[in-house]
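Below: the structure, in C-alpha coordinates.
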Amino acid sequence: MSNRGTTQYSRDVTTEEKIACARVVAAVILADAAITDAEHAFLEKVFADLALTPEERKAATAGLSVGDGPGDAVSHLKDEAVKIEALKLAAAAMSVDGEDAKVERRIVDEVAKALALPAEVAAEALRLGTLPKP
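Residues 1 to 134 (the working numbering) are what the sequence shown spells out, left to right.
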(Lines of atoms letter the chains of each structure in order from A and count residues from 1; the text may use other names and numbers.)
(Lines give C-alpha, C1' and ligand atoms only; values in the text may rest on other atoms or scores of the structure.)
Protein backbone atom coordinates (compact mmCIF):
# COMPACT_ATOMS: atom_id res chain seq x y z
CA MET A 1 0.00 0.00 0.00
CA SER A 2 2.99 2.33 0.35
CA ASN A 3 5.50 3.86 -1.99
CA ARG A 4 8.14 2.53 0.41
CA GLY A 5 7.92 -1.14 -0.47
CA THR A 6 5.51 -3.95 0.04
CA THR A 7 3.74 -4.21 3.36
CA GLN A 8 2.56 -7.60 4.51
CA TYR A 9 -0.87 -7.71 6.12
CA SER A 10 -2.42 -10.42 8.23
CA ARG A 11 -5.49 -10.29 5.97
CA ASP A 12 -6.84 -8.55 2.89
CA VAL A 13 -7.22 -4.81 3.33
CA THR A 14 -10.84 -3.76 2.89
CA THR A 15 -12.02 -1.02 0.57
CA GLU A 16 -13.20 0.86 3.66
CA GLU A 17 -9.66 0.75 5.08
CA LYS A 18 -8.15 1.87 1.78
CA ILE A 19 -10.54 4.83 1.65
CA ALA A 20 -9.70 5.65 5.28
CA CYS A 21 -5.95 5.63 4.52
CA ALA A 22 -6.51 7.91 1.54
CA ARG A 23 -8.66 10.22 3.67
CA VAL A 24 -5.88 10.51 6.26
CA VAL A 25 -3.44 11.51 3.51
CA ALA A 26 -5.90 13.96 1.93
CA ALA A 27 -6.58 15.61 5.29
CA VAL A 28 -2.86 16.21 5.84
CA ILE A 29 -2.41 17.61 2.33
CA LEU A 30 -5.43 19.92 2.64
CA ALA A 31 -4.39 21.09 6.11
CA ASP A 32 -2.57 24.27 5.14
CA ALA A 33 -4.68 25.20 2.07
CA ALA A 34 -1.55 25.36 -0.08
CA ILE A 35 -1.66 22.24 -2.23
CA THR A 36 1.60 21.99 -4.13
CA ASP A 37 2.17 20.02 -7.31
CA ALA A 38 4.23 17.55 -5.26
CA GLU A 39 1.38 17.07 -2.79
CA HIS A 40 -1.16 16.61 -5.57
CA ALA A 41 1.08 14.06 -7.27
CA PHE A 42 1.61 12.24 -3.96
CA LEU A 43 -2.13 12.01 -3.32
CA GLU A 44 -2.72 10.72 -6.85
CA LYS A 45 0.01 8.10 -6.30
CA VAL A 46 -1.62 7.02 -3.04
CA PHE A 47 -4.98 6.70 -4.81
CA ALA A 48 -3.33 4.61 -7.54
CA ASP A 49 -1.34 2.46 -5.10
CA LEU A 50 -4.56 1.75 -3.21
CA ALA A 51 -6.32 0.96 -6.50
CA LEU A 52 -9.20 3.27 -5.63
CA THR A 53 -11.96 3.79 -8.18
CA PRO A 54 -13.05 7.34 -9.06
CA GLU A 55 -16.02 6.93 -6.71
CA GLU A 56 -13.77 5.73 -3.87
CA ARG A 57 -11.43 8.66 -4.47
CA LYS A 58 -14.39 11.02 -4.10
CA ALA A 59 -15.43 9.25 -0.90
CA ALA A 60 -11.91 9.67 0.48
CA THR A 61 -12.04 13.44 0.07
CA ALA A 62 -15.76 14.10 0.56
CA GLY A 63 -16.45 16.89 3.02
CA LEU A 64 -12.81 17.62 3.82
CA SER A 65 -11.99 21.28 4.36
CA VAL A 66 -8.81 23.19 5.02
CA GLY A 67 -7.49 22.40 8.47
CA ASP A 68 -9.87 19.50 9.09
CA GLY A 69 -8.54 16.25 10.41
CA PRO A 70 -9.58 12.98 8.82
CA GLY A 71 -12.61 12.72 11.12
CA ASP A 72 -13.57 9.20 12.04
CA ALA A 73 -11.54 7.67 9.20
CA VAL A 74 -8.96 6.24 11.60
CA SER A 75 -11.69 4.27 13.37
CA HIS A 76 -12.02 2.18 10.20
CA LEU A 77 -8.40 1.03 10.46
CA LYS A 78 -8.35 -2.20 12.48
CA ASP A 79 -5.18 -4.09 11.56
CA GLU A 80 -1.99 -2.80 13.19
CA ALA A 81 -0.05 -3.08 9.92
CA VAL A 82 -2.68 -0.96 8.16
CA LYS A 83 -2.57 1.61 10.99
CA ILE A 84 1.22 1.80 10.71
CA GLU A 85 0.99 2.23 6.94
CA ALA A 86 -1.60 5.00 7.33
CA LEU A 87 0.70 6.83 9.76
CA LYS A 88 3.68 6.44 7.41
CA LEU A 89 1.60 7.85 4.56
CA ALA A 90 0.45 10.76 6.75
CA ALA A 91 4.04 11.57 7.67
CA ALA A 92 5.11 11.35 4.03
CA ALA A 93 2.22 13.62 2.99
CA MET A 94 3.32 16.15 5.61
CA SER A 95 6.85 16.32 4.25
CA VAL A 96 6.37 15.73 0.52
CA ASP A 97 6.52 19.46 -0.30
CA GLY A 98 9.70 19.98 1.74
CA GLU A 99 7.88 21.96 4.40
CA ASP A 100 6.55 20.94 7.79
CA ALA A 101 3.55 23.23 8.31
CA LYS A 102 2.31 23.38 11.88
CA VAL A 103 -1.26 22.54 10.89
CA GLU A 104 -0.07 19.49 8.93
CA ARG A 105 2.00 18.39 11.94
CA ARG A 106 -1.05 18.85 14.20
CA ILE A 107 -3.16 16.60 12.01
CA VAL A 108 -0.45 13.93 11.81
CA ASP A 109 -0.12 14.05 15.61
CA GLU A 110 -3.92 13.71 15.95
CA VAL A 111 -3.87 10.72 13.61
CA ALA A 112 -1.02 9.12 15.57
CA LYS A 113 -2.93 9.56 18.83
CA ALA A 114 -6.22 8.30 17.39
CA LEU A 115 -4.56 5.16 16.02
CA ALA A 116 -3.54 4.23 19.57
CA LEU A 117 -0.36 2.51 18.47
CA PRO A 118 2.36 1.85 21.04
CA ALA A 119 4.56 4.96 21.32
CA GLU A 120 7.67 3.28 19.93
CA VAL A 121 5.73 1.85 16.97
CA ALA A 122 4.20 5.26 16.18
CA ALA A 123 7.59 6.98 16.46
CA GLU A 124 9.14 4.46 14.06
CA ALA A 125 6.26 4.82 11.58
CA LEU A 126 6.64 8.60 11.66
CA ARG A 127 10.39 8.32 11.17
CA LEU A 128 10.03 5.89 8.26
CA GLY A 129 7.26 7.89 6.64
CA THR A 130 8.93 11.27 6.76
CA LEU A 131 10.57 12.03 3.45
CA PRO A 132 13.96 13.73 3.40
CA LYS A 133 13.88 17.45 2.57
CA PRO A 134 14.57 18.09 -1.13
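For each residue, glycine too, the CB sits at the ideal point set by N, CA and C. Treat the numbers as computed from the prediction; the structure is a model and nothing was measured.
With residue i and residue j assumed to form a contact (beta carbons below 8 Å), what rounded beta-carbon distance in angstroms separates them?
i: Val103; j: Asp32; result: 5 Å
i: Gly129; j: Ala81; result: Between Ala81 and Gly129 the Cβ distance is about 14 Å, and since that is not below 8 Å, they are no contact.
Relative to the C-alpha of residue i, which candidate in the options has its C-alpha closest?
i: Glu85; options: Leu52, Asp37, Val121, Ile107; result: Val121
i: Arg127; options: Arg106, Ala90, Glu110; result: Ala90
i: Gly63; options: Leu30, Ala101, Phe47; result: Leu30
i: Ala34; options: Phe47, Leu52, Ala101; result: Ala101
i: Asp72; options: Thr36, Ala81, Ala123, Ile107; result: Ile107
i: Gly67; options: Arg105, Thr36, His76; result: Arg105
i: Leu16; options: His76, Val25, Ala92; result: A small correction: the amino acid at residue 16 is Glu; Leu does not occupy that position in the sequence shown. The shortest Cα separation from Glu16 among His76, Val25, Ala92 belongs to His76.
To the nearest angstrom, how far is it from the Cα of residue i to the Cα of residue j?
i: Asp12; j: Arg23; result: 19 Å
i: Glu110; j: Ala27; result: 11 Å
i: Gly5; j: Lys88; result: Confidence is the limiting factor: at Gly5 the pLDDT is only 37, short of 50, which leaves the residue's position unreliable and the question unanswerable from this model.
i: Lys83; j: Val74; result: 8 Å
Is it buried or exposed, residue i, if we count other Cβ atoms within 10 angstroms and call 16 or more buried?
i: Lys78; result: exposed
i: Ala20; result: buried
Quick one: any contact between the stretch 86-105 and the stretch 54-62, if contact means 3 or more CB pairs under 8 Å? no
Touching or not, the stretch 41-48 and the stretch 106-120, by the rule of three or more beta carbon pairs under 8 Å? no
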